[in-house]
Amino acid sequence: MESIKGNYVIRFALSFRFQHVLVFTSMIILALTGFALMYHNTSWGKMLIGLEGGFVMRGRIHRVFAIVLIFTVLWHFLQVIFTEKSHKEFLKLRPELNDFKDFIMTLKYYLRISSEKARFEKFNFIQKFQYWGVIAGTFIMGVTGIILWFKDFSMAALPKWVMDVTLVVHGYEGTLAFLVLFFWHQYNAHLNPDVFPMDMTWINGKMSLKDLQERHPLEYEKLMHE
1 MESIKGNYVI
11 RFALSFRFQH
21 VLVFTSMIIL
31 ALTGFALMYH
41 NTSWGKMLIG
51 LEGGFVMRGR
61 IHRVFAIVLI
71 FTVLWHFLQV
81 IFTEKSHKEF
91 LKLRPELNDF
101 KDFIMTLKYY
111 LRISSEKARF
121 EKFNFIQKFQ
131 YWGVIAGTFI
141 MGVTGIILWF
151 KDFSMAALPK
161 WVMDVTLVVH
171 GYEGTLAFLV
181 LFFWHQYNAH
191 LNPDVFPMDM
201 TWINGKMSLK
211 DLQERHPLEY
221 EKLMHE
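Structure follows, in structure tokens:
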């Protein structure tokens, strides 16, 4: 639950905000270094490789930030497992039947079938989907990336078709993560008319009580009844 400080609430702790910065920074760099390899025969792919210090340095940068991403996700899960406050926050991110109902209700609202807006708790269905998408994507990218990183051992232990599938999955999962991060997440977090030009919560952790009431009314009501 958020803590009230004057006319705003502390929505995200400093550690969560720092983890968020590490995740999106590493994902951006992984995308740029990954695209440089995937499209190394194109003019812009060659330009990226040049900016990244050459082919060998590109690989080193990619692996360093892969480790950063994996360890950030591991740190996050250790925190939500072993600290009471973070564990309570984590439980609010569990997918529930109400999320599907909220999705249908939101769809009806934007299609102007209904004038009633969905009423969200601390996290809406989009935020939950994106959260678990990062977790699942990191797992897939991590496993396939390790297989490709130690390719000599992997090729000796695994069939060639597994290596081929791994290469395709790693590349396209990276592309999907990039598209989600730079289009869907950016729109919902910053370009949405409700928060444009930027929701500063990811920086200072704060949300005004007015915004909380409008965007997460069920959480606001819980807070007011405490």
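Mapped onto the UniProt record's numbering, the consecutive letters of the sequence shown carry residue numbers 1 to 226.
All residues carry an ideal CB built from backbone N, CA and C; glycine is no exception.
In terms of residues, what are the limits of the beta strand (DSSP E) holding residue 245?
-> Residue 245 lies beyond the range of the chain shown here (1 to 226); nothing can be said about it.
Residue 227 burial status per 10 Å Cβ neighbour count (16 or more: buried) | Since the first and last residues shown for the chain are 1 and 226, residue 227 lies out of range.
Have a look at Phe-153, Arg-112, Phe-139, Phe-90 and flag the residue whose alpha-carbon is nearest the alpha-carbon of Phe-16.
-> Taking only the C-alpha atoms, the option nearest Phe-16 is Phe-90.
Taking Asp-199 and His-185 to be in contact with their CB atoms under 8 Å, please state how far apart those CB atoms are, rounded to whole angstroms.
-> Not confirmed; about 11 Å, so no contact.
Of the residues Leu-30, His-20, Arg-11, Ile-10, the one placed nearest His-170, counting alpha carbons only = Measuring C-alpha to C-alpha distances from His-170 to each of Leu-30, His-20, Arg-11, Ile-10 identifies Leu-30 as the nearest.
From His-76, Phe-120, Met-57, residue whose alpha carbon lies closest to that of Glu-214 = It is Phe-120 whose Cα lies nearest to the Cα of Glu-214.
C-beta contact flag for Leu-176 and Leu-148 at 8 Å = Taking 8 Å as the Cβ cut-off, Leu-176 and Leu-148 do not qualify as a contacting pair.
Residue range of the beta strand (DSSP E) that Val-9 falls in?
-> That run of the beta strand (DSSP E) goes 8-10.
At a cut-off of 7 Å, is Leu-148 close to the ligand NAD when judged by its beta-carbon and the heavy atoms of the ligand?
-> In terms of ligand content, the structure shown is empty, and the ligand NAD therefore cannot be addressed.
Nearest-angstrom Cα distance between Leu-97 and Asn-124?
-> Straight-line Cα distance between these residues: approximately 12 Å.
Over the uninterrupted alpha helix (DSSP H) stretch that includes Arg-58, give me the two end residues.
-> That run of the alpha helix (DSSP H) goes 55-82.
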